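Engineer: Just so we're aligned, residue 3 is where the sequence shown starts under my numbering, counting upward by one.
What follows is a structure written as structure tokens; I'll ask about it next.
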Amino acid sequence: MQAFTKLTSTCVPLPVENIDTDQIIPARFLKATSREGFGENLFRDWRYDAQGQAKADFVLNQSRYQGQILVAGKNFGCGSSREHAAWAIADYGFRVVVSSFFADIFKSNALNNGLLPVQVSDVFLEQLFAQLVQDPGTSVQVSLAEQSISCAVLGIREHFEINAFKKTCLLQGVDNLGYMLQQTEAIAAYEAAQEAAR
């Protein structure tokens with residue numbers, strides 16, 4: 003997993019509320035067991051028509067919007083618990099998803115797969131959407147160490163919450179198992195001390 007410390011990037015705005023995981027990655031594309039290749043079908047039914055042609059009005063098909071930060075409406079990632087939703091977003095190239103509310107299971111899946119969900123206030127989100135419409139080249143900075151998100155052009159900055167263990171894993175670029183493997187010597191020393199005390 004790639005370590006995450008700080009990211010400054012332009013954004014892709016998707017001001018739609020209640021985006022469920024079946025819209026993020028439709029069930030018919032869940033045939034692979036590795037994490038690669040899902041990005042090409044991210045938001046498949048919103049990106050392409052029935053003939054497989056790109057829909058010009060969908061934001062991922064508009065060249066003016068690029069970047070590693072997806073800014074989405076409230077209640078992002080609701081619906082099924084499919085981990086593939088986080089895989090698809092990360093495989094497409096996003097490192098951060100910003101919303102004013104995330105479904106709990108999506109949030110957990112995202113963190114387990116190196117994708118940082120940043121929950122902001124409704125006011126911050128609305129200000130950011132308006133700015134991105136006005137200037138698609140607007141950059142946003144996300145600092146995991148400081149747990150902050152800021153937009154210099156707007157002069158706004160917010161603190162966001164994250165589970166301390168997941169924060170450590172993301173900063174180190176390891177998943178849960180990778181973190182445990184880093185503790186092998188400490189675990190062995192603890193077990194030896196316990197054995198000696200018996």
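In this text, a Cβ means the ideal position worked out from N, Cα and C, and glycines have one as well.
Keep in mind the model is a prediction, meaning the values are calculated, not measured.
Please report the straight-line C-alpha distance between Ala105 and Ala195, rounded to a whole angstrom.
Structural biologist: Each residue's Cα considered, the two are about 42 Å apart.
Engineer: How do the region 144 to 153 and the region 111 to 123 stand: do at least 3 beta-carbon pairs fall below 8 Å, yes or no?
Structural biologist: These segments touch.
Engineer: The beta strand (DSSP E) spanning Gln143 covers which residue range?
Structural biologist: It spans Ser141 to Ser145 - the beta strand (DSSP E) in which Gln143 sits, taken as one unbroken run.
Engineer: What residues are listed by DSSP as bridge partners for His161?
Structural biologist: Bridge partners of His161: Ser150.
Engineer: Can you give me the start and stop residues for the alpha helix (DSSP H) that Cys171 sits inside?
Structural biologist: From DSSP, the alpha helix (DSSP H) with Cys171 extends over Ala166 to Gln174.
Engineer: Should Glu19 be labelled buried (16 or more other beta-carbon atoms within 10 Å of its own) or exposed?
Structural biologist: Per the 10 Å Cβ criterion, exposed.
Engineer: With Gln133 as the anchor, note down where its alpha helix (DSSP H) starts and where it stops.
Structural biologist: Its alpha helix (DSSP H) spans residues Asp124 to Gln136.
Engineer: Taking the beta carbon of Ile91 as the centre, do at least 16 other beta carbons fall within 10 Å, making it buried, or is it exposed?
Structural biologist: So Ile91 ends up on the buried side.
Engineer: To the nearest angstrom, report how far apart Gln64 and Phe6 are at their CA atoms.
Structural biologist: Cα to Cα, the separation comes out at about 27 Å.
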